[in-house]
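Protein chains in written order, with this note's numbering: chain A, 1 to 91; chain B, 1001 to 1425. To start, the structure under review is shown below, and the notes come after it.
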Amino acid sequence: SGDRDKRDIIDDRVQWYLMQYGYLPASDMETGNLRTERQLREAIKTMQRFGHIPMTGELDAATRRLLRTPRCSLPDVMPGEGNDFRIRVRR
Amino acid sequence: FVKQGKKWDKLNLTWGVRRYPTKMRDSTGDPEHMYRWEIQREFRLATEVWGRVSRLEFTELESKPEEADIIIDFNTGYHGDGYPFDGQGRTLAHAFYPGHGIGGDMHFDDDEPWVQHQDSDNTWERVSLFITAAHELGHALGLYHSDVEGSLMSPYLIRFPSSFRLPQDDVRGIQELYGVDEKYKEDPWPSTSTTTTTTTPRPAATPRPPPRPPKSDKPDTCNTEYDAISVIRREIYIFKGKYFWRVDAQGNLLPNYPAKINRFWSKLPKNLTHIDAVYERMTDGKIVFFIGNKYYVCRGNQELLKVGRLKNLGLPATLKKIDAAFVWGYNGRTYLFAETMYWRFDEAIQHVELDYPRAMDMWRGVPYNIDSAFKHNGTTYFFQGKMFWEFDDFRMRVKPKSPALSAPFWLGCPNIKNPYYPKTT
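Now the structure itself:
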């Protein structure tokens, strides 16, 4: 199940969903930054917070149900807020 | 609750359904479909949800919905904005935050099985039009999504009892935006559990302000909006109506401007009334004008090389005009903007790139329906009305001091605060 979860997380459709609703910063689509698994899990946690299900960061059964739940088209996180993963720390 | 940042500058709002669902009981006879009057009633109840707890008042413009502040449409698939519908299930509807043009409008997916609230179970098989409409109206009034459990502005469809009461989180949000209705605690709550109309008589909406007097042909340098702006040959060209101004590389407004566009670019159409957008191509320095649904490629100001239609560039055939075009300093790519959408344009193949259009939200803080945009000295600027927004390309958001008045900054006019354009958050 771990392998399946990881496969799902990098699935373009899941990423697209996360971007579409503002959980992943949409600006990345323009600037082409790569994402880490940690960033995706944080985005899933934010989505889980809005869906009022346990914030596991995993694509568990409740999260899969949430992905299919009817909803408003507009994003939940204002662009640039919440999950701003574009800030890098210089070593 | 989260305020989006925009609100209506009036308390009397009009609404109307411009495009009804394609399947209604009036025409199909199918009891699974709603009557037209039932649809209107669900929307009317949705307005009462917000009207009862705030100072807002709503009036339906049944005969002229296209003139309403909040225009309601049922659409399918891609329908001209950045939020295409996806058939039954998943995305149900969206609305635009308060503003001109498309601002405040609400779009509903025609493919959803809409039913009256009393008949719904809020699954994907029977979606309450009333609840969805009330949620979208929250956006149209200036509220963002809330992560408070049970709130109407929660992004995911949740089940509400047939006797709906606006949750406290939403009440606080709307009252902070528009103030508290004096009768808030005395009024009964609207019930959706009966088929009789429960409309409370409302005073007539304040009539719309009279139309502005016709503008003189020549724009006032210090009091106007701009159609298009671009740096061409290191000078700033600012276009309005049939005229344009020039600002030299030192930032000085050149004398004897505004001048007529046709006197300088004589090969553009003789009956030109305005241009929508313009940019200088990075690859070859040619100047591209957008006027209505056509584009014109010029070399300098004397030679017209090409005329074509927007659809030939890969833009939607239904697109009547674009709002702005510029080469973004961040990546040197050309971007085109229209209403709530934007496209990246591939100069090499003269076609918009795949995966576009995208929603304007990407450019955080930039309003929809911009008038123009351009890059100057490595900084991106967006214009709407008499204001401009300076954009931070790295943080992908407008800079903190935006917006500011355009005329004092770009044309050296006195900096008089304009009461019609208060600084927004």
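Where a beta carbon is used, it is the ideal one built from N, C-alpha and C, also for glycine.
The Cβ atoms of B/G1173 and B/R1055 lie no closer than 7 Å to each other. Taken through DSSP and simplified to helix, strand or coil, B/D1392 comes out as strand. Of all alpha-carbon atoms in B/E1062, B/Q1384 and B/H1376, the one lying nearest the alpha-carbon of B/F1337 is that of B/Q1384. Within chain B, the residues whose beta carbon sits less than 7 Å from that of A/G51 are Y1156, listed in sequence order.
Annotation for A/D76: no alpha helix (DSSP H) segment contains it, and DSSP assigns it neither H nor E.
Residues Y23 of the same chain have their beta carbon placed closer than 6 Å to that of A/M47, with the five preceding and five following residues left out of the count. Between the beta-carbon of B/E1136 and that of B/A1095 there is about 4 Å, and that keeps the pair under the 8 Å contact cut.
Annotated three-state conformation of B/M1106 is strand, per DSSP. Collapsing the DSSP output to three states places B/Q1250 in coil. The beta-carbon distance between B/Y1295 and B/L1272, rounded to whole angstroms, is 13 Å. This is too long to meet the 8 Å contact definition. Inclusion of B/S1372 and B/A1228 in the CB contact set at 7 Å is warranted, their separation being smaller than that value. Counting every other CB atom within 10 Å of its CB across the protein chains shown gives B/I1370 a total of 16 or more, marking it as buried.
Per DSSP, reduced to three states, the secondary structure at B/W1008 is coil, with no helix or strand assignment.
For B/L1143, none of the residues of chain A pass the 7 Å Cβ criterion, the least Cβ distance being about 11 Å. A Cβ-Cβ distance of about 6 Å is found for the pair B/F1160 and B/I1131, placing them in contact under the 8 Å criterion. Interface flag for B/H1094 against chain A is set, since a Cβ pair is found closer than 7 Å.
Pairing B/R1126 with B/E1066 gives a Cβ-Cβ distance that is not under 7 Å. Counting C-beta pairs with one atom in each stretch, the region 1358-1367 of chain B and the region 1082-1102 of chain B have three or more that are closer than 8 Å, which means they touch. The Cβ neighbour count for B/S1120, taken over all protein chains shown within 10 Å, is at least 16; the residue is labelled buried. Not a single C-beta of chain B is nearer than 7 Å to the C-beta of A/L59.
When the beta-carbon positions are compared, B/W1343 and B/N1301 stay at least 7 Å from each other.
Taking the beta carbon of A/T56 as reference, no residue of chain B falls within 8 Å; the closest one sits roughly 16 Å away.
Bounds of the beta strand (DSSP E) holding B/D1073 are I1070 to N1075.
Here A/M19 is buried, its C-beta having at least 16 other C-beta atoms within 10 Å. The straight-line gap separating the alpha-carbon atoms of B/G1099 and B/G1142 is approximately 10 Å.
Against chain A, the CB of B/Y1083 has a partner CB under 7 Å away; the residue lies at that interface.
Taken atom to atom, the span from the alpha-carbon of B/F1289 to that of A/R71 is near 40 Å.
The secondary-structure analysis by DSSP pairs B/Q1175 with nothing; it has no beta-bridge partner. Residue environment analysis places B/W1050 among the buried positions, since at least 16 neighbouring C-beta atoms fall within 10 angstroms of its C-beta. Using a Cβ-Cβ cut-off of 8 Å, B/T1091 is close to P70, R71, C72 and S73 of chain A, given in chain order. With 16 or more other Cβ atoms inside 10 Å of its own Cβ, B/N1075 counts as buried.
Annotation: the continuous beta strand (DSSP E) that includes B/Y1296 extends over K1294 to R1299. Under DSSP, B/A1140 takes part in no beta bridge, so it has no partner.
Annotation for B/Q1116: no alpha helix (DSSP H) segment contains it, and DSSP assigns it neither H nor E.
Where B/E1303 is concerned, there is no enclosing alpha helix (DSSP H), although the beta strand (DSSP E) around it starts and stops at E1303 to R1309.
For B/D1276, no CB of chain A lies under 7 Å from its own CB, so it is not counted at the interface with that chain.
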